[in-house]
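Protein chains in written order, with this note's numbering: chain A, 1 to 518; chain B, 1 to 373; chain C, 1 to 369.
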Amino acid sequence: MGFFKKFLVGKSEQGNKQEKAFEHELPQKPHYAQPQQMSSSAQLSENIDYLFSQCKQTGDLKVRALDDGRAALVFYETLVDHEKMQKKIFAPIEMGHVGRIPDLPNSRQMTNLDEAIKKLLSGHVLYFDEDSTRITYFDVTASFNRSVEEPVNEKVVRGSHEGFVENIKTNVNLIRKRIEDKSLVVKYFKVGKKTNTNIAIVYMNGIADPEIVRKIEQRITDISVDMVQSPGFIEEFIEDSTSSPFPQMLNTERPDRVSANIMEGRIAVMAEGSPTSLIAPSTFFMFYQSPDDYNMRWYTGTFIRLIRLTSFLIAIGLPAFYIAVVSFHFEVIPDDLIVPVKSSINDIAYPPLVEALVMVIIIELIREAGIRLPSPVGQTIGIVGGLVIGDAVVRAGLISNLMIIVVALTAIASFVVPSNELSTTLRLLTFPLIFLAGTLGFVGIMFGLLFIAIHLTKLESFGVPYFAPIAPLSLNDLKDTFVRIPLYKMNKRPKDAHPTKQLAMEESREWKKNEQSK
Amino acid sequence: MNKVICVILSLLVLTGCWDQRHFKNYNLALSVGFDQLENGSIIETVSIPTIMGSPEGPLKPKVQIVSSKAPTTLDAREKIDQRISASFDPSKLQVVLVGEDLAKRDIYPVLDGFYRNPNSNLNARLAVVEGSAKEVISVKTPNESRVSQYITGLLESVVLGTYSTGENLQLISAELMEPGEDFTLPILKKVVQGDEQLVEYNGLGLFHNRSYTGEKIKQEDAVLFVLMQGQKGKRARITRKVNNDKAYEPLNYVTIKVMKIKRDLNVKVQGGEVKADLSLKISARILEYPHNQLVSLQIINKLSDRLTRVLTKDAKEIAAKTQSANSDVFSIGRRVKAYYPEVWNQMDWNKDYPNITITPKVEVDVKQHGIIN
Amino acid sequence: MSSQSKPMISRRQFFFIIVQTEIGVGVLSMPYDLHGIAKQDGWISLLITAFSLLIILFLLWMLAKRHPSLNFFQILERVFSKWPGKFIIVAYIIYFTSVSVLIVLLFGRMLSLWVLPSTPFWVLSILMVSVCLYLTASGLKIIARLYTSLSLFLFILIFLMVFCFSELEILYILPVAQSGWINIVKGANEGLLSYFGFIVTLVIYTYVEGKPKDKFKTVFWAHCFVTCFYLFVVLVSFTFFSTKEIALVQEPVLYMLKSFQFPIIARIDLFFLSIWVVSVATSFATYLFMTGMGLQTVFQKQSSILVTLAAISIFIISIFFGFESERLELLGNVVVFLGYAFGIFIPIFTLCISALRFKAKKEGGKQSE
């Protein structure tokens, strides 16, 4: 039925159509799928002139004339690696004639000038010679790569310490090394009319649902925008519901996390220039799984995971609960706590609602300041903020020490989530609940939670229910949600990603039976 | 979807916080006492701890005792409200004390307000005070900073020691209203010991319907009485005189610890007459028996027999006492109603309870005798 | 509905929709209502209600089985032909609306009695209506998913009540059948109010996957579950409170929990009440959904505006009606009466007409198979 959604979507679709109609009227719509028809001329100078006019006489476009001006190499000096050029082009022809360049082993040919510009822009060197329309080009891209390091924001105790880098090829390589299978498919797209960013989607053919793959491809090709910087851009263009506070694609910088998810039948989206990879379709509980869980004993893994899930409730609900208790239902405080609680809040000037808001905002300030500042100063901020302000504020009688405990606990709980996006969402969701609790007490909180539950149930990530396996309930998939049962028992892939092949494992502890029978 | 969100957001903007009751704005009454005046009005006394907070934690609270006179409890509460700094809130009440005179008339009127108000704490413990409740609440306790804490602690330990059935407001409500069931409440008394003022447990008061009969189970019989009701606290000790042969008095006594009890209450109607058999089996452990060494099984069995005899006699006295007070604490009437409804309809239990036959039987079985013989 | 592919729900979801719809506002006061007439034998009345409803559920199933591809409103249109059918649907819409209004009112009164005495009713009403509107607007599938996961709360409710076990006194429900069979049967009438959600089985029957027989099994088990839950609630409250006392306590379940205290938390009744809010919301959302479905069948249009209008009108009616005891009592009686008419008689009448009108056709269908 989707009344409201339909209404909204209908509207925005109309908007899109108008926009598109308008775009069609534009004289040229550069798009990678439709190559231009400017083919090269036999005149060397004409070609060079065309290139320079198209590239707006930019200063770093260099022409190196060879063979007394009868041939030329064209390249962006800021994009190419001169050593590579030396190795690939000049070293082989050292003895011979420049005319042998097109026959070199690494060379490729084409005749379309506009295509050639694209190559130029991606770090190729073009070779033109007089009296020929062919353009020979070599890949001599200079890549200044960070080495593969552990991602700072997703650390694990055990397990792989590799992380993605800014180079998409390296990233795909990291995944391919983990999944040596012929059905691992990588598809490239060029997105961004001006930036021409390389996007790759990676999935397992035969496990991932072709319907979802098609959806993602469709949505990526639909992106029509000048600039795509990072997965964050792509995410907003392809996710289902942009008005939801919940992230619908998992962001990660860990190849092991990506490859595990790919093996569950999900699809990874990666972009050149960003170490972050997106995983779709995602479910809410995926944000609570960490590769660490699988490197522990399963009891500990389960315990840690339960703690993380409890932290969800604490993060969104604790301040609200506290406010509801001290300003509506103080009967709930057990007898023995009455006096301590009362003495703590008796002389506070502000109502608890204001107290909570002030403290939550202070915590956010400290956090934000800590991130932006260089790390040694960041620590100082933590100390100043956490210890000094916290202590002084209580001594000054502005905030009760119970409120400090509550807010600090909430902040800690929100940082427990292994995903930064969800953690921010949780801290944001605290506010409406605080207001509801301040207006209607427990009843307000209950309505707030119900609203969130409805929203989560309603949310879909690429046609896959976001709140799976809770809603729709799938008892079988709960084994890797609230608990982590031993790996050899997780023989089926989770249903939520619609994998085309359910079974992930056959009997892997056969040896036990064999040994016992001996 | 957006519409709904807008509605809710606007609702938040419009909020008026109608029902907010800020905890800090209330003075909590932790114990309350009711006394009867000659002219029929009630004296309500409350203890209100005023707590000064400091960053280092709570300071020792000061207790304010306020009392007022009015025809009803809520009226009295209003008057108290006008004498203290912030509003006064009974929702965390821990103890309700009722003066003897009031209890003898009817305790329901003072409790009605608690039952009717959704905020009230039905967990509050209830006790009858010999003398006036005001006196007990105004006791200056040397060790405990709050009188409510003192009295709650006292009443709790009384329950632990099987001296009382641990009634609270909710638990007596059934017995208060249901015919054929009565209850007992612990009795407290203020004692003065040198400079110190103390509160003392002084037996269990027997109630009939909604009023105190004036009869009480004495402190030394209380344990047996509670056991006869089928309840046992954490520990239950009974001391009885089992011998007469030693001149030095302490040697004649034995103290047992009740380890396990099994109680059966059989109500029969024979020829229109109600007969109740109350059997109580006690497995005991000897805690103190200076009289002689328990070296052989025979001596132990003999001791068991003596205890059985003594306790059965006591139990009979207790039963007789409840009958003379017309307080059906063993809910025999309710059983008659449940199993013999026709008989029940013909009886007037208020009158007939003293005339029924109750045969208590206590059996003591000494199972252990400590780590020496 | 017909233009789109039908949203299908699984039988498990069907089960929980029935359960969540039936368990609603009634839970808190049901023991009191039953006790009012049948005294301590109220639980027998409850069983009588449950059993007689089972027969009715069977008849409803017969009706739905005859028209497997149509929803209830479409069946009405088909059986009674277009305009009379539409008329009956409108009557149903009015019925569902009045039940919804009653639910909101009872909900508001309960909260105002127990926790929020001075909060104006419109605030509670608007919260309830808007949250449920948000849910209903997302369609049957989402409702089904949500109800399934929210059923966890029912177990929390049961769990909370388990704490009273130490204070139960079996004596209080004895003697059995003391109040006379006439009163017990009369009490069955009181029990019916808590079961009124059963009509949902008929309305959404067509959207459930599976064979008719299996679907009936689901209905049967859902009914049994609800009955067991109610029986549990009734027995616990009857044995916790003495027979005299329960006559004074309107919401025995809450009252019972009020006196319990845990070391970390006191006053469990407040938590119980908060969770009960969810139960009310689920019942209300189902009625709102059914109203929306009816409106769509009448106007042959699929639009969010119809449900929104229905929700707004429920909100406005509830505010103007107010929750004074007398009026509420009156509305309650009217709704029970309408419940007999719309929940039992009209569906059975429809079944008869359908049997008469489509007999030949059905046989023809069978021959061709």
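From the three backbone atoms N, C-alpha and C, an ideal C-beta is built for every residue, glycine too.
- Within the same chain, and ignoring the five residues on either side of F96(C) in sequence, the residues whose Cβ sits closer than 6 Å to its Cβ are Y287, M290, T291.
- Of all residues in the stretch 312-332 of chain A, those with a C-beta nearer than 7 Å to a C-beta of chain B are V326, S327, F328, F330, E331, reading in chain order.
- Pairing H22(B) with F328(A), the inter-Cα distance amounts to about 7 Å.
- The distance from the Cβ of I88(C) to that of L105(C) is about 26 Å, inconsistent with a contact at the 8 Å cut-off.
- The Cβ atoms of L426(A) and I316(A) sit closer than 8 Å to each other.
- Within the stretch 218-298 of chain B, complete beta strand (DSSP E) segments of at least 3 residues are found at 237-241, 253-270, 273-288, given in chain order.
- Residue contact with chain A for A266(C): present (Cβ-Cβ distance below 8 Å to some residue of chain A).
- In terms of beta-carbon proximity, T49(C) stays away from the interface with chain B, with every pair separated by 8 Å or more.
- When the beta-carbon positions are compared, L111(B) and L169(B) come within less than 8 Å of each other.
- Interface residue (Cβ-Cβ distance to chain A less than 8 Å): N355(B) is not classified as such.
- With 16 or more other Cβ atoms inside 10 Å of its own Cβ, P472(A) counts as buried.
- A Cβ of chain C is located within less than 8 Å of the beta carbon of L122(B).
- If you check each beta-carbon in the stretch 323-355 of chain B against every beta-carbon of chain C, the ones closer than 8 Å belong to S331, R334, R335, K337, A338, Y339, P341.
- In the structure shown, I279(A) falls within a strand segment according to DSSP collapsed to helix, strand and coil.
- For M110(A), the nearest beta carbon of chain C is not closer than 8 Å to its own beta carbon.
- When CB distances to chain B are screened at a threshold of 8 Å, the residues of the stretch 107-131 of chain C falling below it are L113, W114, V115, L116, P117, S118, T119, P120, V123, I126, L127, S130, V131, in chain order.
- Between the stretch 448-458 of chain A and the stretch 142-157 of chain C there are three or more C-beta pairs closer than 8 Å, enough to call the two in contact.
- Between V128(B) and V136(B) the beta-carbon gap is near 10 Å, outside 8 Å, which marks them as no contact.
- Those residues of the stretch 158-190 of chain B placed with their C-beta closer than 9 Å to a C-beta in chain C are N168, L169, Q170, L171, S173, A174, E175, L176, M177, E178, P179, E181, ordered along the chain.
- Neighbours of V443(A) in chain C, taken as residues at a C-beta separation under 9 Å, are given in chain order as L111, V115, L116, T119, L124, L127, L273, S274, V277.
- Separation of V19(C) and V226(C) (C-alpha to C-alpha, rounded to the nearest whole angstrom) is 6 Å.
- Within the stretch 224-258 of chain A, the runs of alpha helix (DSSP H) that reach at least 4 residues and sit entirely inside it are, in chain order, 231-238.
- Along the stretch 84-98 of chain B, going in chain order, the ones with a CB nearer than 7 Å to a CB of chain A are S91, K92, Q94.
- Distance from the CA atom of F320(C) to the CA atom of L124(C), rounded to whole angstroms, is 14 Å.
- Counting only runs of 4+ residues, the alpha helix (DSSP H) found wholly inside the stretch 384-430 of chain A occupies 390-395, 401-416, in chain order.
- Unbroken alpha helix (DSSP H) runs of no fewer than 4 residues, entirely contained in the stretch 161-207 of chain B, are found at 169-177, following chain order.
- I142(C) belongs to the set of residues whose beta carbon lies under 8 Å from a beta carbon in chain A.
- Here the stretch 179-193 of chain B lies against the stretch 313-332 of chain B, with 3 or more beta-carbon pairs under 8 Å apart.
- Where M204(A) is concerned, the enclosing beta strand (DSSP E) starts and stops at 197-204.
- By the neighbour-count criterion, in which 16 or more other beta carbons inside 10 Å mark a residue as buried, E510(A) falls on the exposed side.
- Residue contact check for F114(B) against chain A: no CB pair falls below 8 Å.
- Listed in chain order, the positions of the stretch 331-352 of chain A with a beta carbon within less than 8 Å of a beta carbon of chain B are E331, I333, D335, I338, V339, P340, V341, K342, S343, S344, I345, N346, D347, I348, P351, P352.
- Pairing I217(B) with L206(B) gives a Cβ-Cβ distance under 8 Å.
- Taking 3 residues as the minimum length, the beta strand (DSSP E) runs contained wholly in the stretch 83-113 of chain A are 108-110, in order along the chain.
- Around the beta-carbon of H67(C), 16 or more other beta-carbon atoms lie within 10 Å, marking it buried.
- Contact residues of the stretch 214-245 of chain C toward chain B are F240, F241, S242, T243, K244, E245 (C-beta to C-beta distance below 9 Å).
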